[in-house]
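Peer 1:
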Ligand code: T46
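Residue numbers (the numbering used here): 1282 to 1413.
1) For residue 1313 versus residue 1392, is the C-beta spacing smaller than 8 Å?
2) Would a C-beta distance cut-off of 8 Å place residue 1418 and residue 1401 closer than the cut-off?
3) Indicate whether residue 1327 and residue 1378 have their beta-carbon atoms separated by less than 8 Å.
4) What residue range does the beta strand (DSSP E) around residue 1359 cover?
5) According to DSSP, is residue 1374 part of a helix, a strand, or is it coil?
6) At what residues does the alpha helix (DSSP H) containing residue 1410 begin and finish?
7) Could you tell me how far apart the beta carbons of residue 1350 and residue 1364 are, in whole angstroms, since I believe they sit closer than 8 Å?
8) Ordered along the chain, which non-local residues of its own chain (more than five positions away) have a Cβ less than 6 Å from that of residue 1332?
9) In terms of residue numbering, what span does the beta strand (DSSP E) encompassing residue 1315 cover?
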């Protein structure tokens, strides 16, 4: 599987650091939606779905968490712990998120509005769709 991390330019000085995210510049799509996960509980696993169309970029703003990405052929585990990097997640990739640190804030930029019909929440159905 081709894992794409996008490295952001960080503008840092003695006051701290600043990262700017811009549509179709350092973000490879037009941002239609932003959501973020916080207060995530220890030993909780989230996700367990793929998307038919949605493309997203996940950025850990604080703390860390792990992603398991599965394209139906290969499963890859990744640690997100750097707010200067975004993990690009294509459609038809099964994702699970876990090992959230207590302070984790995970922001996700998405190229579409929320649409439950875009979710594939059944792993067997996902496997059939990607092998078709
Ligand atoms: C994804 C991973 C990384 C909304 O009402 N609007 C939204 O934009 C989203 C994302 C969710 N919701 C509602 C739907 C559920 O009732 O919030 C609740 C929790 O959503 P979900 O169980 O889908 O959360 P995760 O953490 O399992 O998955 C989310 C995204 O849904 C998903 O697209 O890729 O984060």
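Ideal Cβ positions, reconstructed from N, Cα and C, are used throughout, including at glycine.
Peer 2: The structure says:
1) Taking 8 Å as the Cβ cut-off, residue 1313 and residue 1392 qualify as a contacting pair.
2) An answer regarding residue 1418 cannot be provided, because it is not within the stretch 1282 to 1413 covered by the chain.
3) Yes, the pair counts as a contact, with Cβ atoms nearer than the cut-off.
4) Start and end: 1356–1361.
5) Residue 1374 falls in the coil class under three-state DSSP.
6) Taken as a continuous stretch (DSSP letters only), the alpha helix (DSSP H) holding residue 1410 covers 1404–1412.
7) With 8 Å as the limit, residue 1350 and residue 1364 do not qualify as a contact, their Cβ atoms being about 20 Å apart.
8) A distance below 6 Å between beta-carbons, with the five flanking residues on each side excluded, links residue 1332 to the following residues of its chain, in chain order: 1372 and 1399.
9) Residue 1315: member of the beta strand (DSSP E) spanning 1314–1318, first to last residue.
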